[in-house]
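Residue numbers (the working numbering): -17 to 282. Even glycine gets a Cβ: it sits at the ideal position worked out from N, Cα and C. Down below is the structure, laid out as structure tokens.
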Amino acid sequence: MKQAWRVVVLLVAVCMLGGGFAQALAAEGGGGGHRATREAKTAILLVAFGTSYATARGPLLAFEEKVRAKFPGVEVRWAWSSHQIRQMEGADDVDSPAEAFARLMEDRFTHVAVQSLQTIPGQEFHMLVEAARRFEGMPKGLKRITVGLPLLGAPEDLEAAAAALLAGLPKARTAKEAVVFMGHGTHHAGNAMYPALQYYLWRQDPLAFLGTVEGSPSLDDIVVDLARHKPAKVWLLPFMAVAGDHANNDMAGDEEDSWKSVLAAKGYAVETVLAGTLENAGLVDLWLAHLDEALEALRQ
Ligand code: CO
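The following block contains the structure:
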């Protein structure tokens, strides 16, 4: 019952955030009577944006290992959602989500639980749900596809994520030093998860700030907030699955418009930590819990 209630809450949350495709979580594959006899074959499809940074691949593979350990015997495959990154020179030959669904159909799978390593239910998440909906219930194809929610998928995720972010800070950080997390941000309504997470961070630590590269709150907002507290030191960490291009350049780069340079120019001592959220055990547990819910929903 508790599980069912949580799924309802999640659906409402996603719809409020500009969804409308979330019904794919619960939609039945359009199965005809004959296919009832087909043997069920379940797979997990992990979806990442993809990364051009070789060093960022380790945390993705470590996540895959945790998934394999938690769900032994279930086929686990990857897709990368970024066309640009899939086309990059030297990129691994990774499927797009659509290619992965087609291949799963070809390999006679019937049920697929998709879990993306997205942070918020933004445009990419909804495109993934849309792709899943289109591949569900094709003749002789996948009977049922469920999509696990992103890291911040429901209100209760926010409080848990705030606690995990703070628990994962370097031991050297003192309570008088500020922490600034750099999220991606988007024009999509799902961006609202960032200021929402900021609320829960502040309830637990008034010197913990969350900004975004492309959305709101912005670095300018953070600068104003920091000026009220005047901490001697600021710790900078990415709030993205892996420490890739944004973390290495926009956050920690030496160019004068990087977050590190802007904050240093304001007089703060800045310390950067190049570890994405996949290196935070508590956040990984949140993603795994969402995958667990997607697998559970396959059985309903
Ligand atoms: Co970007």
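Nonlocal neighbours in the same chain, by C-beta distance under 7 Å from residue 64, ignoring five residues either side: 31, 32
Under the three-state DSSP convention, the category residue 122 falls into: coil
6 Å Cβ shell around residue 10 - same chain, five flanking residues per side excluded: Residue confidence for residue 10 is low, a pLDDT of 39 falling below 50, so the modelled location carries little weight; the figure read from the coordinates is stated next. The beta carbon of residue 10 sits closer than 6 Å to none of the beta carbons in its chain outside the five residues before and after it.
8 Å contact criterion, which residue 166 and residue 233 should meet: CB distance rounded: Their Cβ separation, rounded to whole angstroms, is 11 Å, which puts residue 166 and residue 233 out of contact at 8 Å.
Residue 218 vs residue 254 beta-carbon contact at 7 Å: yes
At least three beta-carbon pairs within less than 8 Å, the region 117 to 127 to the region 49 to 59: With the cut-off at 8 Å, the region 117 to 127 and the region 49 to 59 do not touch.
Straight-line Cα distance separating residue 259 from residue 265: Going from the Cα of residue 265 to the Cα of residue 259 covers about 6 Å.
Whole runs of the alpha helix (DSSP H) within the region 155 to 191, excluding any shorter than 4 residues: 175 to 186
Residue 103 and residue 132 closer than 7 Å at C-beta: yes
Coarse secondary structure for residue 229, derived from DSSP in three states: helix
Beta carbon of residue 139 nearer than 7 Å to that of residue 268: Yes; because the gap between Cβ atoms is below 7 Å, this pair is in contact.
Residue 96: first and last residue of the uninterrupted beta strand (DSSP E) it sits in: 93 to 98
Neighbourhood of residue 52 by C-beta distance below 7 Å, restricted to the same chain and skipping five residues each side: 270
Beta-carbon proximity of residue 27 to residue 113, cut-off 7 Å: No, these two residues do not count as a Cβ contact at 7 Å.
Residue span of the beta strand (DSSP E) that contains residue 153, given as start and end: First-last for residue 153: undefined, no H or E at that position.
Simplified DSSP state of residue 136, which is helix, strand or coil: Coil at residue 136, not helix or strand.
Three-state class that DSSP yields for residue 220 in the structure shown: strand
Start-to-end residues for the beta strand (DSSP E) that takes in residue 358: Any answer about residue 358 is impossible in this case: the structure gives the chain only from -17 up to 282.
As assigned by DSSP and simplified to three states, the class of residue 273: helix
Continuous beta strand (DSSP E) stretch holding residue 88: start and end: Segment 79 to 88 is the alpha helix (DSSP H) holding residue 88; no beta strand (DSSP E) there.
Cβ-based neighbour list, residue 215, same chain, cut-off 6 Å, excluding 5 preceding and 5 following: 159, 251
Residue range of the beta strand (DSSP E) that includes residue 253: 251 to 254
Length of the line joining the Cα atoms of residue 107 and residue 98: 8 Å
Whether residue 170 touches residue 100 by CB criterion (7 Å): no
Sequence-distant residues of its chain with Cβ nearer than 7 Å to residue 80 (five each side left out): 113
Element boundaries [alpha helix (DSSP H), containing residue 204]: From DSSP, the alpha helix (DSSP H) with residue 204 extends over 201 to 211.
Per DSSP, cross-strand counterpart(s) of residue 111: BP columns for residue 111 are empty, so no partner.
Range of the contiguous alpha helix (DSSP H) that encloses residue 67: 65 to 68
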